[in-house]
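Enquirer: The structure's right below; bear with me while I get my questions together.
Numbering (the working numbering), first residue to last: 2 to 271.
As structure tokens, this is what we get:
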């Protein structure tokens, strides 16, 4: 079997892989979506439980999550490469490598540029460089359409339900998207990516628009969020424009954040 070595910037090593990749296990939703958008979804044999974009990925066997994997299934598939992220999956990556699997971890995107960079990294593993250039051209074109799209001084507060209220700081793809559109995240001077909001700072920031992303959007969830605003003594937010996104929409770190998330943000912030 012909092989190749592909450099991985996170491991700072050249990963030994088959020259032609025919069996992929993807444990990262963004990577799974990228492979399908490259037109190579038929190579994916199993994914993590959270890879449901596109619909074809949802139908694939689910082999694990961010922190564990079914080794019996993994042995049966005998993948050429396992794609992961390197945030919450760092320990899983180490264990998979110790077990002798070829693992290619990807950086967790913190900007739209990072999403584009991961397209390059994935395509390099899969010998899909020309396909990636076409996809990147499409994504860059969309970003260009929305650069300074709003051109107005709007302050935005973003909140996710991640088992409790979590907001975003400077190094996130959502903050970068807001900046590209021409508006500002009220916590964009914070060094951390995700954290519990400081309500005193939020009051002083006085955002114009609130974006809330629940785990799953329902009418009951909208009511629950309004109630939580009152319970947290943030009633002033009720006078602002409040926008609800569907679950795992803005939090998603794949290319569809650019194709769908960026246009959605432009529409609700206009």
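Backbone N, C-alpha and C define an ideal beta-carbon position, used for all residues, glycine too.
Could you spell out the range, first to last residue, of the alpha helix (DSSP H) harbouring residue 176?
Expert: Here the alpha helix (DSSP H) through residue 176 covers 174-182.
Enquirer: Is residue 40 closer than 8 Å to residue 58 when the C-beta atoms are compared?
Expert: Cβ distance not < 8 Å, so residue 58 and residue 40 don't count as in contact.
Enquirer: Among 257, 178, 218, 191, which has the Cα closest to the Cα of residue 270?
Expert: Considering only alpha carbons, the answer is 178.
Enquirer: Compute the distance between the beta-carbons of residue 65 and residue 49, then report whether it is under 8 Å.
Expert: Yes; because the gap between Cβ atoms is below 8 Å, this pair is in contact.
Enquirer: Near residue 254, which residues of its chain fall below 6 Å by C-beta distance, leaving aside the five closest residues on each side in sequence?
Expert: Contacts found: 31, 110.
Enquirer: Which whole-angstrom value describes the C-beta separation of residue 78 and residue 47, a residue pair presumed to lie in contact below a C-beta threshold of 8 Å?
Expert: Contact flag correct, Cβ pair sits at about 6 Å.
Enquirer: On a Cα-Cα basis, can you pick out the residue from 220, 20, 217, 155 that is closest to residue 207?
Expert: Residue 207 has its Cα closest to that of 155, out of 220, 20, 217, 155.
Enquirer: According to DSSP, is residue 79 helix, strand or coil?
Expert: Three-state DSSP puts residue 79 in coil, outside helix and strand.
Enquirer: Of the choices 239, 174, 169, whose alpha-carbon is the least far from that of residue 192?
Expert: Answer by Cα proximity: 169.
Enquirer: Can you grab the Cα-Cα spacing for the pair residue 165 / residue 67, in whole Å?
Expert: Using only the alpha carbons, I get a separation of about 19 Å.
Enquirer: Shortest alpha-carbon distance to residue 231 belongs to which of 214, 163, 200?
Expert: Minimum Cα distance to residue 231 is reached at 200.
Enquirer: Between the stretch 209-218 and the stretch 244-258, are three or more C-beta pairs nearer than 8 Å?
Expert: Yes, since at least three Cβ pairs between the stretch 209-218 and the stretch 244-258 fall closer than 8 Å, the two stretches touch.
Enquirer: Going straight from the alpha carbon of residue 37 to that of residue 53, what length do you get?
Expert: Their Cα atoms are separated by approximately 11 Å.
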